[in-house]
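Numbering-wise (the numbering used here), the sequence shown opens with residue 628 and increments by one.
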Amino acid sequence: MAHNCLQCIKYLMFVFNLLFWLGGCGILGVGIWLAVTQGNFATLSSSFPSLSAANLLIVTGTFVMIIGFVGCIGAIKENKCLLLSFFIMLLIIFLLELTVVILFFVYTDKIDKYAQRDLKKGLHLYGTDGNIGLTNAWSIIQTDFRCCGVSNYTDWFEVYNTTRVPDSCCLEFSENCGLHSPGTWWKAPCYETVKIWLQENLLAVGIFGLCTVLVQVRFNSGFQILSTQNQRTSRQSLLNTNLVTLSLHSERLNSLSYVFFLLEN
């Protein structure tokens with residue numbers, strides 16, 4: 628019974644980690660595609676130009692692939708060393724997520740202040756040579772989220788040194804519509820709009836990630852327990868077999884001793 632349960636958990640763990648690995652391949656593929664075709668897409672920070680959507684996806688995809696691969700091989704080979712490494716990596720992910728959440732809630736005001744200052748600094752790179760990724764990112768954000776500027780559309784006045792905003796801020800897009808009156812522009816601040824969207828959606832992503840880690844840990848723990856029990860059962864069976872064999876040999880020796888005793892008499 629324990630052996631059957633062990634085999635069931637073994638293959639379930641393999642399939643789960645295979646899906647995990649395939650997901651990592653998908654994330655890595657999207658990251659590489661963005662890096663090749665879109666340049667530094669979604670690089671909004673002037674202080675951290677490498678912190679682009681493409682680079683984040685590439686790093687995340689690679690890490691997920693490694694975890695999935697280790698989990699697959701560890702499960703199918705029943706290798707304790709690989710399974711322990713897999714468990715440690717999952718534990719690291721869980722602790723990192725927990726640390727990020729705690730730091731975010733503790734230093735929310737400071738993070739908001741620094742992020743807005745850095746984003747406003749990055750606005751001055753909008754439309755300049757070598758910053759196509761940042762330019763495209765701001766255009767997409769302002770169009771899709773129907774917002775303008777970091778904290779207000781007036782943020783763009785400092786960039787252009789005049790009463791003007793990018794055309795992506797317009798309620799109805801048209802060429803040079805950013806030169807028109809403020810009544811034709813989006814009023815919502817992009818920072819707060821995107822922040823609210825992230826809070827609503829990242830909560831679901833965080834819960835999904837946490838559940839995934841817990842399921843993985845549960846599978847790993849169950850596999851380890853059943854594997855240990857199975858080894859103990861195998862050892863006990865081997866010991867019982869040896870005892871039976873020893874008992875048979877003992878009976879044979881007793882029989883031979885009795886025969887020799889009769890012959891001597």
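By construction, the Cβ of each residue, glycine as well, lies at the ideal position given by its N, Cα and C atoms.
No experiment lies behind these values; they were computed from the predicted model shown.
How many Å lie between residue i and residue j at the Cα?
{"i": "G688", "j": "A764", "result": "21 Å"}
{"i": "F714", "j": "S808", "result": "59 Å"}
{"i": "A815", "j": "I767", "result": "15 Å"}
{"i": "C774", "j": "C796", "result": "7 Å"}
{"i": "V697", "j": "L725", "result": "23 Å"}
{"i": "W783", "j": "G776", "result": "6 Å"}
{"i": "D611", "j": "V786", "result": "The structure shown does not extend to residue 611, since the chain is modelled only from 628 to 892, so the question has no answer here."}
{"i": "V821", "j": "Q743", "result": "12 Å"}
{"i": "L752", "j": "F690", "result": "32 Å"}
{"i": "V733", "j": "V727", "result": "10 Å"}
{"i": "A831", "j": "I738", "result": "22 Å"}
Please report the residue range of the alpha helix (DSSP H) in which residue i lies.
{"i": "S778", "result": "No alpha helix (DSSP H) contains S778, which DSSP labels as neither H nor E."}
{"i": "N706", "result": "Counting along the chain, N706 falls outside any alpha helix (DSSP H), and DSSP gives it neither H nor E."}
Measure the beta-carbon distance from residue i to residue j and round it to whole angstroms, keeping in mind my assumption that it falls under 8 Å.
{"i": "I703", "j": "F800", "result": "Going by Cβ atoms, the distance from I703 to F800 rounds to 54 Å, so no, they are not a contact pair."}
{"i": "G695", "j": "W648", "result": "3 Å"}
{"i": "M692", "j": "G651", "result": "4 Å"}
{"i": "A681", "j": "G658", "result": "5 Å"}
{"i": "L645", "j": "C699", "result": "6 Å"}
>> For a minimum of 4 consecutive residues, which ranges assigned as the alpha helix (DSSP H) are wholly contained in the region 780-826?
In response: Qualifying alpha helix (DSSP H) stretches, in chain order: 782-787.
> Which parts of the region 750-774 are runs of the alpha helix (DSSP H), unbroken and 4 residues or longer, counting only runs that do not cross its ends?
Replying inline: As far as the region 750-774 is concerned, its whole alpha helix (DSSP H) runs of at least 4 residues are 759-771.
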